[in-house]
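Following: one structure in C-alpha coordinates, then a few remarks.
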Amino acid sequence: MVETEAYAQAANQEVITQNVLKQMAFQQTKQAVIMQLTQQELSDLNFKQDVNNMVLSNVSKTLDKGERSQEEERAAQARSQQEILGYMRLY
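Number 88 in the UniProt record's numbering belongs to position 88 of the sequence shown; there are no gaps in the numbering.
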(Lines of atoms letter the chains of each structure in order from A; the text may use other names.)
(Lines give C-alpha, C1' and ligand atoms only; values in the text may rest on other atoms or scores of the structure.)
Protein backbone atom coordinates (compact mmCIF):
# COMPACT_ATOMS: atom_id res chain seq x y z
CA MET A 1 0.00 0.00 0.00
CA VAL A 2 2.81 2.41 0.92
CA GLU A 3 4.62 1.50 -2.28
CA THR A 4 1.52 2.31 -4.35
CA GLU A 5 1.11 5.67 -2.61
CA ALA A 6 4.77 6.48 -3.24
CA TYR A 7 4.33 5.70 -6.93
CA ALA A 8 1.20 7.82 -7.05
CA GLN A 9 2.92 10.81 -5.42
CA ALA A 10 5.94 10.46 -7.70
CA ALA A 11 3.66 10.29 -10.74
CA ASN A 12 1.74 13.39 -9.61
CA GLN A 13 4.95 15.38 -9.45
CA GLU A 14 6.10 14.36 -12.92
CA VAL A 15 4.89 15.72 -16.17
CA ILE A 16 3.23 12.94 -18.13
CA THR A 17 6.13 11.58 -20.02
CA GLN A 18 6.93 8.41 -21.79
CA ASN A 19 8.52 7.12 -18.57
CA VAL A 20 5.27 7.61 -16.61
CA LEU A 21 3.32 5.82 -19.32
CA LYS A 22 5.86 2.98 -19.25
CA GLN A 23 5.51 2.73 -15.47
CA MET A 24 1.73 2.58 -15.79
CA ALA A 25 1.96 -0.10 -18.48
CA PHE A 26 4.41 -2.10 -16.35
CA GLN A 27 2.15 -1.85 -13.30
CA GLN A 28 -0.88 -2.95 -15.32
CA THR A 29 1.10 -5.87 -16.70
CA LYS A 30 2.05 -6.94 -13.16
CA GLN A 31 -1.60 -6.72 -12.13
CA ALA A 32 -2.65 -8.82 -15.12
CA VAL A 33 -0.09 -11.50 -14.24
CA ILE A 34 -1.26 -11.54 -10.61
CA MET A 35 -4.89 -11.88 -11.74
CA GLN A 36 -3.99 -14.75 -14.08
CA LEU A 37 -2.11 -16.55 -11.31
CA THR A 38 -5.02 -16.01 -8.94
CA GLN A 39 -7.46 -17.35 -11.52
CA GLN A 40 -5.27 -20.42 -12.09
CA GLU A 41 -5.02 -21.06 -8.34
CA LEU A 42 -8.79 -20.72 -8.01
CA SER A 43 -9.30 -23.15 -10.86
CA ASP A 44 -6.86 -25.61 -9.26
CA LEU A 45 -8.65 -25.30 -5.91
CA ASN A 46 -12.02 -25.93 -7.56
CA PHE A 47 -10.63 -29.04 -9.27
CA LYS A 48 -9.16 -30.32 -5.99
CA GLN A 49 -12.45 -29.69 -4.23
CA ASP A 50 -14.31 -31.65 -6.92
CA VAL A 51 -11.87 -34.56 -6.54
CA ASN A 52 -12.22 -34.47 -2.74
CA ASN A 53 -16.01 -34.50 -3.04
CA MET A 54 -15.83 -37.51 -5.36
CA VAL A 55 -13.53 -39.36 -2.94
CA LEU A 56 -15.84 -38.58 -0.01
CA SER A 57 -18.82 -39.80 -2.02
CA ASN A 58 -17.03 -43.06 -2.82
CA VAL A 59 -16.06 -43.53 0.84
CA SER A 60 -19.66 -42.92 1.88
CA LYS A 61 -20.97 -45.45 -0.66
CA THR A 62 -18.42 -48.03 0.48
CA LEU A 63 -19.37 -47.54 4.12
CA ASP A 64 -23.06 -47.87 3.23
CA LYS A 65 -22.39 -51.14 1.39
CA GLY A 66 -20.42 -52.45 4.36
CA GLU A 67 -23.21 -51.55 6.78
CA ARG A 68 -25.84 -53.17 4.55
CA SER A 69 -23.72 -56.29 4.27
CA GLN A 70 -23.35 -56.49 8.06
CA GLU A 71 -27.10 -55.98 8.53
CA GLU A 72 -27.85 -58.75 6.03
CA GLU A 73 -25.38 -61.03 7.79
CA ARG A 74 -26.97 -60.34 11.20
CA ALA A 75 -30.43 -60.95 9.76
CA ALA A 76 -29.27 -64.26 8.26
CA GLN A 77 -27.76 -65.29 11.60
CA ALA A 78 -30.98 -64.38 13.40
CA ARG A 79 -33.02 -66.47 10.93
CA SER A 80 -30.61 -69.36 11.36
CA GLN A 81 -30.88 -69.14 15.14
CA GLN A 82 -34.67 -69.04 14.90
CA GLU A 83 -34.64 -72.16 12.73
CA ILE A 84 -32.38 -73.94 15.22
CA LEU A 85 -34.63 -72.91 18.11
CA GLY A 86 -37.63 -74.14 16.14
CA TYR A 87 -36.00 -77.54 15.61
CA MET A 88 -35.05 -77.71 19.28
CA ARG A 89 -38.68 -77.13 20.28
CA LEU A 90 -39.73 -80.03 18.11
CA TYR A 91 -37.49 -82.38 20.05
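Ideal placement from N, C-alpha and C gives every residue a C-beta, glycine not left out.
Cβ shell of residue i (< 8 Å), same chain only, five flanking positions each side left out
i: Y7; result: Q23 and Q27
Bounding residues of the alpha helix (DSSP H) (the contiguous stretch that carries residue i)
i: I84; result: Q18 to L90
Whole-angstrom distance between residue j and residue i, CA atom to CA atom
i: V2; j: V51; result: 40 Å
i: T62; j: T38; result: 36 Å
i: R89; j: Q77; result: 18 Å
i: G86; j: A75; result: 16 Å
Whole-Å CB distance - residue i paired with residue j, under 8 Å assumed
i: A32; j: V20; result: Actually they are not in contact, since the Cβ atoms of A32 and V20 sit about 19 Å apart, beyond 8 Å.
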